[in-house]
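To start, the structure under review is shown below, and the notes come after it.
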Amino acid sequence: MNTTNIMIVGVGGQGTLLASRILGSVTLQSGLDVKVSEVHGMSQRGGSVVTYVKYGEKVLSPVIDKGEADYIVSFELLEAARWVPYLKMGGKLITNTQQIDPMPVITGAAEYPKGLVEKIKAKGVDILAFDALSPALQAGNAKAVNVVLMGVLSTMLGFDKSLWTDAVKALVPEKLRQLNLEAFELGVKAAG
Numbered sequence: 004m005n006t007t008n009i010m011i012v013g014v015g016g017q018g019t020l021l022a023s024r025i026l027g028s029v030t031l032q033s034g035l036d037v038k039v040s041e042v043h044g045m046s047q048r049g050g051s052v053v054t055y056v057k058y059g060e061k062v063l064s065p066v067i068d069k070g071e072a073d074y075i076v077s078f079e080l081l082e083a084a085r086w087v088p089y090l091k092m093g094g095k096l097i098t099n100t101q102q103i104d105p106m107p108v109i110t111g112a113a114e115y116p117k118g119l120v121e122k123i124k125a126k127g128v129d130i131l132a133f134d135a136l137s138p139a140l141q142a143g144n145a146k147a148v149n150v151v152l153m154g155v156l157s158t159m160l161g162f163d164k165s166l167w168t169d170a171v172k173a174l175v176p177e178k179l180r181q182l183n184l185e186a187f188e189l190g191v192k193a194a195g
């Protein structure tokens, strides 16, 4: 079995680390070797955060280089554009269309780029871009975008669905468990 390389990208506070732990748990419970590496930017201040998840029979390094990612799951549109060079030919980019202004936009030093989905498609990238915030809000919390996106990803990886729901149950606090299970299901439906 080849190694599968997945990058989970977003900004601080969006739950990229929980998403990577859910994915790591699913792959580990499937009996695969998995490496998870968390790279924090200025996450405390809404800066870029990226997590690498690699799994297969034997994984030697957790790092994913440019052109190696089978999947990139992006919680925010500008982050999708920032990390797309890491996607390999034939890879899949799954992105939330939500826009979170970075500091240069907030301060007025720059404008949020327009037409990012179209620009990414123009590069020949296989992209699934959709509003993941709406299903998260439907489930009951905007912060559930991460689990909505894991629901979408789950439809593409071939692992048993029960492994995903078990991981959510194990990693999410009890008071938020039902909400996140619903967010996961809404993600599965969004993948169509």
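Heads up: the sequence shown begins at 4 in this note's numbering, then just goes up one per residue.
Ideal Cβ placement from N, Cα and C applies to all residues, glycine included.
Since the model is a prediction, treat every value here as computed from it, not as a measurement.
Given a threshold of 16 other Cβ atoms within 10 Å of its Cβ, counted over all protein chains shown, does residue i qualify as buried or as exposed?
i, result
"Q102", "exposed"
"N5", "exposed"
"E82", "buried"
"T110", "exposed"
Check residue i in the structure and name its three-state DSSP category.
i, result
"K61", "coil"
"E41", "strand"
"Y115", "coil"
"V56", "strand"
"L80", "helix"
"L33", "Correcting the residue identity first, residue 33 is Ser in this sequence and not Leu. The answer is coil: DSSP assigns S33 none of H, G, I, E or B."
Ends of the beta strand (DSSP E) at residue i?
i, result
"L152", "No beta strand (DSSP E) contains L152, which is instead part of the alpha helix (DSSP H) from V148 to L160."
"T168", "T168 -> not in any beta strand (DSSP E); alpha helix (DSSP H) instead, spanning K164 to L174."
"V12", "T7 to V14"
"K178", "Not the beta strand (DSSP E): K178 falls in the alpha helix (DSSP H), residues E177 to A194."
"I130", "D129 to F133"
Between residue i and residue j, which are expected to be in contact by the criterion C-beta below 8 Å, what is the C-beta distance as a whole number of angstroms?
i, j, result
"N175", "N183", "Residue identity check: residue 175 is Val in the sequence provided, not Asn. Confirmed, Cβ separation roughly 5 Å."
"Y55", "P65", "5 Å"
"A173", "A142", "18 Å between Cβ atoms; not a contact."
"V14", "S51", "6 Å"
"V29", "F133", "That belief does not hold up - the Cβ atoms of V29 and F133 are roughly 22 Å apart, past 8 Å."
"K69", "Y89", "5 Å"
Go to residue i, then tell me how far its alpha helix (DSSP H) extends in each direction, as first and last residue.
i, result
"D73", "Not the alpha helix (DSSP H): D73 falls in the beta strand (DSSP E), residues A72 to S77."
"A142", "L136 to A142"
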